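Here is the structure we will look at, set down as structure tokens.
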Amino acid sequence: MHHPRTFMDKFFLVIKGLCMGAANKVPGVSGGIVAFVGGFYEEFIYSLQKINGKAFKLLANGRFRSFYRYVNGPFLTLLIFGMLVSYFSVSKLLDFFLERNELYVWSAFFGMIIGSIYYISKDFKYWNKKTIPAGIIGLIIGISISFLNPAKENDNLIFIFFCGMISVSGMTLPGLSGSFILILIGNYVLLLVDSVNALYDTFAETIRGDFSFIQNKERLNTLTILSVFTLGSASGLVTLSHILGYVLKHYKHITTAVIIGFITGSLGVVWPWKKAVFKTDAAGNTLLDSNGKEIITNYQRYFPDVTHSETWWAALFIILGIAVLLVLDWYGKHRKK
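Residue numbering for the sequence shown is 2 to 338, as defined by this note's numbering.
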């Protein structure tokens, strides 16, 4: 049995949730790494695995307290509360920086991904005739994805549900960043920036007693997308924790090798020095899509026009990103056992 948590324990759980939510939003760092380093990964997966047939029976019979206890409710509630808070605060911050200077944000992400490759592979001493091919397959998938044209935003609700499942994969799999995959499939900004901000604005308006958003078709659309995404995330957390429990038990080394390869291969996706190439018509005017956004056809990856000082700053942010993970790693080692 768990000993009852003190107030400080609870407070730190919320903080850990905050960090996990923030990490989950950052492409290349998975929430799972935070859980891993913070030393609550196993409890997290174990609690999620408790959301099973028995838990639903308790719910169906109206035995809410037993259900809450059975799924380690206090722990999950505090963690998830932290994650939700961070989704809003971090998303506003990211928005601010992405508008001001995209290059530096991507540089920091790039560094964090390099850091997390180091983090996962440093203790991995199992390269053999099974894991090497697995790693190479991961690498090839990663590289080929980074040279695909970025997928178009897709707001088909079934697809959004699937995105929700993917985006939480990082929570349960400490090497895989869910939000990173959302970038690959083209829905990162839609799901983790736009829709979260729409919800934030809706809350703010409701508190002011302004209900005009009910007439705002685009806003309602975004909120629908967010709810489907949330549903997908919730079901993803539960189903993935069961599947992962199984896979990691039986094929731990192969899985890790694939992830190391995959993340290394897809560094190209977050390559900071890239410049979007927009779709133009014959006269050279930039074309817009139905939402009035420019249509990105590809990225110019080599030598877009950035100044020397920007390049130095970007390099600094990459080092900063790597440092974040090294500090996490150091903390994980020196945490009181």
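We put the beta carbon where it would ideally sit given N, CA and C, even for glycine.
Here the structure is a predicted model, which is why all the values come from computation and not from measurement.
Item, Value
"Host alpha helix (DSSP H) of Gln50 (start-end)", "42 to 50"
"Delimiting residues of the alpha helix (DSSP H) encompassing Glu103", "103 to 122"
"Val15, enclosing alpha helix (DSSP H) - first and last residue", "8 to 26"
"Straight-line gap, Met2 to Gln216 (C-alpha atoms, nearest Å)", "The predicted position of Met2 is uncertain, since its pLDDT is 49 and thus under 50; a value taken from the coordinates is nonetheless stated next. Rounded to whole angstroms, Met2 to Gln216 spans 51 Å at the Cα level."
"Gly40 versus Arg6: straight-line alpha-carbon distance, rounded", "15 Å"
"Met2, DSSP secondary structure in three states", "At Met2, the pLDDT of 49 sits below 50, so the modelled position is not reliable; the number obtained from the coordinates is stated separately. Correct three-state label for Met2: coil."
"Exposed unless 16 or more other CB atoms sit within 10 angstroms - verdict on Ile159", "exposed"
"First and last residue of the uninterrupted alpha helix (DSSP H) at Asn198", "196 to 208"
"Endpoints, alpha helix (DSSP H) assigned at Glu311", "309 to 335"
"Delimiting residues of the alpha helix (DSSP H) encompassing Phe68", "65 to 71"
"Cβ neighbour criterion (16 or more within 10 Å) applied to Val35", "buried"
"Glu154 (DSSP reduced to helix, strand or coil)", "coil"
"Of the residues Gly165, Gly171, Ala56, the one placed nearest Gly233, counting alpha carbons only", "Gly165"
"Ile323 versus Leu317 - alpha carbon distance", "10 Å"
"Three-way DSSP call (helix, strand, coil) for Ile133 in this model", "helix"
"The stretch 56 to 75 / the stretch 204 to 214 touching (three or more Cβ pairs under 8 Å)", "no"
"Residue nearest to Asn155 in terms of C-alpha spacing, selected from Leu192, Thr132, Lys123", "Leu192"
"Straight-line Cα distance separating Trp314 from Lys250", "43 Å"
"Integer-rounded CB distance, given that Ile167 should sit under 8 Å from Leu183", "7 Å"
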